[in-house]
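Structure, as C-alpha cells:
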Amino acid sequence: MKREPGMLVARDAYVLEKMARDRPPLTQEWKALLDRKLVAARLPAQSTVPSDLAMIDARVTFHCASGLTDTRTLCLPGTYVPGGAFLPITTFYGLALLGLREGEMIAFARPEGRRDWLALERVHFQPLMDETAPAQRPAFRLVAGGLEERNFVPANENGPGEGPGPSVA
C-alpha cells in the first residue's frame, strides 16, 4: 500500500486539529481532505524540519491539474488578502499543499464531482529555515571608540543654528 503524501510539523497539526474541532466543514470533500491531512505522518518535535516541506508561512511553487503553475505563501485564514500572493489553508489548494515535500503529488475530490491534483514543485522560503541563518552571516566586529572622531550635527529643519525654539509650535 502506498503511503499518503504529506508530513505535518507540530504547529500545522495543531492548527488543523483546531479547525476540525471549531469550524464546520465547508463541504464533505473538504472535510475528507482535512481528515486525510490529520492522519498524515507527524514530524517528531525534536527532529530537523526538511527544507523542502510545505508548511504554514512557507512560499511554494505548485502545479495543478488545470495546468496552472503558481507561487504562493501558505497562510492562516486571518492573514489572507484577496488578490494577494497568499493562499489560505482553508482552501482546497492550500490544505492540499500543506505537509507536502518537493516532488510529491496529491489527488483529491472537488465538490463539483471531479478529481483534482496538485504537485509541489519547490519550497522557496520556509519559516524554520531562518534558524540556520546566523551561522551563515558574516561576523560583525565592534570597535570601541570607533565613532569618537565623527562630528554629529543635530538635524534642524531650519538649517544650521539654534532654530526658532519651542515657542514656534
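Per our numbering, residue 29 is the first one in the sequence shown, and the count goes up by one each step.
C-beta: ideal position from N, C-alpha, C; glycine also.
None of the values given here were measured: they were computed from a predicted structure.
Going by beta-carbon coordinates alone, are residue i and residue j separated by less than 7 Å?
i           : j           : result
residue 126 : residue 148 : no
residue 139 : residue 57  : yes
residue 93  : residue 50  : no
residue 73  : residue 48  : no
Terminal residues of the continuous alpha helix (DSSP H) containing residue i?
i          : result
residue 43 : 38-50
residue 63 : 56-66
Helix, strand or coil: how does DSSP classify residue i here?
i           : result
residue 156 : helix
residue 116 : strand
residue 107 : helix
residue 147 : strand
residue 269 : For residue 269 there is no data in the structure shown, the boundaries of the chain being 29 and 197.
Quick one: what's got a C-beta closer than 7 Å to residue i's C-beta in the same chain, skipping five residues either side?
i          : result
residue 80 : 129, 130, 151
residue 12 : No answer is possible for residue 12: it lies beyond the span of the chain, which begins at 29 and ends at 197.
Leaving out the 5 sequence neighbours to the left and right, which residues in its chain are closer than 6 Å to residue i when beta-carbon positions are compared?
i           : result
residue 61  : 123, 136
residue 59  : 53
residue 105 : 116, 118
Where do the ends of the beta strand (DSSP E) carrying residue i lie?
i           : result
residue 102 : 97-103
residue 83  : Counting along the chain, residue 83 falls outside any beta strand (DSSP E), and DSSP gives it neither H nor E.
residue 135 : 133-137
If I measure Cβ to Cβ from residue i and keep anything under 8 Å in the same chain, skipping five residues before and after, which residues do I get?
i          : result
residue 43 : 84, 104, 117
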